[in-house]
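Residue numbers (the numbering used here): 305 to 579. Glycine included, C-beta positions come from ideal geometry on N, C-alpha and C. None of these values were measured; they are calculated from a predicted model. Presented below is the structure to which this report refers.
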Amino acid sequence: MADEATAFVPGHVTGFFSAHPDEDPTKAGSRGAGLTLTDGVRVTVQPATETSLTLDGEAVEIEPVEAVLGALRASANVTAESELPLGSGFGVSGALALGAALAANRVFDRRLSTNELVTIAHGAEVRAGTGLGDVVAQARGGAPIRLEPGAPRHGVLDAIPERARVEYATFGELSTRAVLSGDTEALSIAGKRALSRIVEEPTLDSFVYASRRFAREAELLTPRVRAAIRDVAAVDGEASMAMLGDTVFALGDGLSEAGYEPNVCAIHPAGAMLE
305 MADEATAFVP GHVTGFFSAH PDEDPTKAGS RGAGLTLTDG VRVTVQPATE
355 TSLTLDGEAV EIEPVEAVLG ALRASANVTA ESELPLGSGF GVSGALALGA
405 ALAANRVFDR RLSTNELVTI AHGAEVRAGT GLGDVVAQAR GGAPIRLEPG
455 APRHGVLDAI PERARVEYAT FGELSTRAVL SGDTEALSIA GKRALSRIVE
505 EPTLDSFVYA SRRFAREAEL LTPRVRAAIR DVAAVDGEAS MAMLGDTVFA
555 LGDGLSEAGY EPNVCAIHPA GAMLE
């Protein structure tokens, strides 16, 4: 047993998706595409008599993390530092779950493979209703395309072979659980249409276009994100909405050129890993 272990998990911005529920949480998930980010979450696990979770210095309860530790039969202090806000479309809960799985596996010498750990974290997210595709994307890195839903044994991933500067601005939170627990039929129809486009033309420009059209067709655009997208378009930039958050993202310097003061990062070239 190690004294502690730390994992870094990239943030993940989903541009569009379709929901695919299943009684088996390892088969459930989403199809879609997104970007993993060099801004992410660091998760440190230490053995303890009782499990606790601290995020940026504050005690929190994150259901998927508790489920992951339960599956690994691990009682631990989990300390996380995030460069990204929770509940704003960056996959922070998925990052916490995956980071806890990777670090706890090392600390408690569970000797599980990466795919096994991703499956545990993905299943925990699905059961909690906090995400459908972040974990598998964060495990891969880059600009992943989720062709088939589910954990590694079931899901199929491809990727857009490009990197870019990414800007983003967050205006508030949206409830992923509330959206996913409602009627997702119209959303999924729009998501399938967007996926067809990106499969036909797997480029970042096509991704942003498909994402923006999806947000509009799925009626998910918030007023502030809608205004920011228009501002970026006015300076010949391309932007869209992060799913699911009151957050706008752009490639290049579109938000800066439009007069915003965005956070700046890049597409992360690799997936989650132990440090």
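Asked, Found
"Segment contact, 8 Å Cβ cut-off, at least three pairs: the stretch 321-340 with the stretch 351-360", "no"
"Endpoints, the alpha helix (DSSP H) within which H426 is located", "418-432"
"Unbroken beta strand (DSSP E) run spanning F553, endpoints", "550-555"
"P527, buried or exposed, once every other Cβ within 10 Å from all chains shown has been counted against 16", "exposed"
"Where the beta strand (DSSP E) containing L508 begins and where it ends", "First-last for L508: 508-521, but that is the alpha helix (DSSP H), not the beta strand (DSSP E)."
"Cβ contact check for the stretch 358-367 and the stretch 509-528: 3 or more pairs under 8 Å", "no"
"Cβ-Cβ distance between E396 and V382 below 8 Å", "The amino acid at residue 396 is misidentified as Glu; the sequence shows Val. It is not a contact, given that the beta carbons lie outside the stated cut-off."
"For R497, three-class secondary structure by DSSP", "helix"
"Residue from V372, M545, A570 whose Cα sits closest to the Cα of T474", "M545"
"Spatial distance of Y513 from L357 (CA atoms)", "38 Å"
"DSSP-derived helix/strand/coil call for A363", "strand"
"L339 - containing beta strand (DSSP E), residue span", "333-351"
"Range covered by the beta strand (DSSP E) that runs through D462", "460-463"
"Exposure of S500, with buried meaning 16 or more beta-carbon neighbours within 10 Å", "exposed"
"Buried or exposed by the 16-neighbour rule on C-beta atoms within 10 Å, applied to M305", "exposed"
"Rounded C-alpha distance that separates A380 from V349", "6 Å"
"Bounding residues of the alpha helix (DSSP H) (the contiguous stretch that carries E561)", "558-561"
"Strand pairing of R469, partner residues [DSSP]", "A570"
"Pair within 8 Å by beta-carbon distance, A384 and V345", "yes"
"Burial state of S479, where buried means 16 or more other Cβ atoms lie within 10 Å", "exposed"
"Residue(s) in a DSSP beta bridge with R450", "G336, L461"
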